[in-house]
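Residue 32 is where the sequence shown starts when you use the numbering used here, and the numbers rise one by one after that. Where is the CB? At the ideal position from N, CA and C, for every residue including glycine. Note that the structure is predicted; figures quoted are calculated from it, not measured. What follows is one structure encoded as structure tokens, with my remarks underneath.
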Amino acid sequence: MTELQTNTKPILLSGIQPSGHLALGNYVGAMRNWVNMQEDYFGIFMVVDLHAITVRQKPAELRQRCLSFAAQYLAAGIDPDQNIIFLQSHVPQHAELAWILNCFTYMGELNRMTQFKDKSLRYEENINAGLYAYPALMAADILLYQTDLVPVGADQKQHLELTRDIAARFNNTYSPTFKVPEPFIPEAGARIMSLQDTEKKMSKSDSNENNYISLLDPPDVIRRKIRRAVTDSATEITSDSIHSPGVGNLLTIYSVLNNQSIDDVVNHFSSQSYSDLKNELADALVAFLEPFQNRYDTIMKEKGYLTKILDDGAKRARYMASKTLTKVHRKLGFVPAGRP
Ligand code: TRP
């Protein structure tokens with residue numbers, strides 16, 4: 032609950048929607064960076080359940096996934112003493128600020144959002160106002176905490192640019208209120224693609240489970256998915272393999288797991304067969320995920336531990352968020368409310 036911690040380091044904020052299963056792509060593209068950056072930043076890491084209900088969710092599954100995702104943040108190595116981990120719905124200021132920011136967001140801007148267009152095609156039967164206003168909620172997530180840096184995938188860059196525009200618009204209309212955040216897009220080399228459809232990035236919500244490695248997949252499932260991953264009609268690794276979408280993706284995953292440059296990995300496998308690559312990659316994945324899964328199991332079994340971390344995280348988040356929201360109310364001209 033100390034302000035001290037947040038004052039000394041710049042603020043890093045990110046969130047993942049509790050849908051599907053956290054996948055290797057989430058680890059490489061997001062969680063790994065969070066862990067590596069926690070030395071230099073004060074991290075605010077959310078499970079964004081309010082965002083998730085823009086698409087219908089089954090209540091029991093949503094509840095389980097929120098807890099499971101938070102436990103996986105911890106298992107990945109986020110230190111809850113140095114950072115804040117919480118569930119978005121535990122901090123009512125997100126929905127409150129989102130309403131206000133809706134009034135500072137133009138329909139013309141929302142109409143341009145590619146994620147809205149994609150999801151409207153995918154969920155044709157449920158194009159709701161929440162799906163449309165989603166970027167204003169994301170802006171609220173970020174602006175409530177006077178965030179400095181937001182690490183996101185390339186697909187979220189448009190939302191982040193809109194967040195910056197909304198913040199600047201509010202600041203210009205009144206007076207400086209929100210910090211205008213910077214995006215941090217991790218290097219393209221570490222982009223993990225789908226195992227079957229190498230045109231798409233590996234997505235945790237893919238309807239075909241063979242497209243992704245879940246961080247909680249047991250060893251036999253990992254081996255099967257890697258064995259089935261698409262390659263090409265050649266049979267052995269050469270320096271050209273990196274340009275082959277399927278084989279290149281497997282080499283990239285191997286390089287990320289082993290912290291080796293892609294050239295070193297190509298050298299290592301040079302003239303070996305695709306099945307050698309797949310076997311060694313599957314071994315590396317199993318070895319990497321085993322300690323992660325053990326930590327996860329321990330966290331999930333320890334009754335009360337996770338709840339305590341989430342309660343504490345939400346309490347600290349509410350404290351920080353309410354400071355910004357009070358300032359926003361004052362600037363807008365809302366009459367201060369009495370203490371409850
Ligand atoms: N929209 C993001 C996604 O779909 C998730 C998200 C919600 C987020 N709020 C955020 C990411 C704030 C970064 C910061 O991936």
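- Nearest Cα to residue 80 within the set 42, 246, 47: 47.
- Not one heavy atom of the ligand TRP is found less than 8 Å from the C-beta of residue 324.
- For residue 146, the shortest C-beta to heavy atom distance toward the ligand TRP is below 8 Å.
- The three-state reading of DSSP puts residue 247 in coil, since its state is none of H, G, I, E or B.
- Our two residues, residue 359 and residue 191, have alpha carbons roughly 20 Å apart in a direct line.
- Across the set 162, 40, 127, 135, the C-alpha of 162 shows the shortest separation from the C-alpha of residue 146.
- Residue 129 sits in a helix when the DSSP states are folded into three classes.
- Residue 123 holds the alpha-carbon nearest to the alpha-carbon of residue 355 among 52, 58, 123.
- As the crow flies, the alpha-carbon of residue 159 is around 10 Å from that of residue 87.
- Judged by their CB atoms, residue 222 and residue 241 are not nearer to each other than the 9 Å cut-off.
- Relative to the ligand TRP, the nearest heavy atom lies less than 8 Å away from the CB of residue 165.
- Listed as beta-bridge partners of residue 46 by DSSP are 77.
- Taking 8 Å as the cut-off, one finds at least one heavy atom of the ligand TRP near enough to the beta carbon of residue 77.
- Remark: the shortest separation between the CB of residue 190 and any heavy atom of the ligand TRP falls under 8 Å.
- Cβ contact annotation for residue 236 (same chain, cutoff 7 Å, sequence separation greater than five): 50, 51, in chain order.
- Per DSSP, the continuous beta strand (DSSP E) segment holding residue 180 begins and ends at 180-182.
- Distance from the CA of residue 363 to the CA of residue 205, rounded to the nearest whole angstrom, comes to 8 Å.
- Put simply, the backbone Cα of residue 307 is about 20 Å away from that of residue 229.
- The continuous alpha helix (DSSP H) containing residue 192 extends over residues 188-204.
- Taking 8 Å as the upper bound for CB-CB distance, residue 243 and residue 93 are not in contact here, some 20 Å apart.
- Checking the 8 Å criterion, the Cβ of residue 186 is within range of a heavy atom belonging to the ligand TRP.
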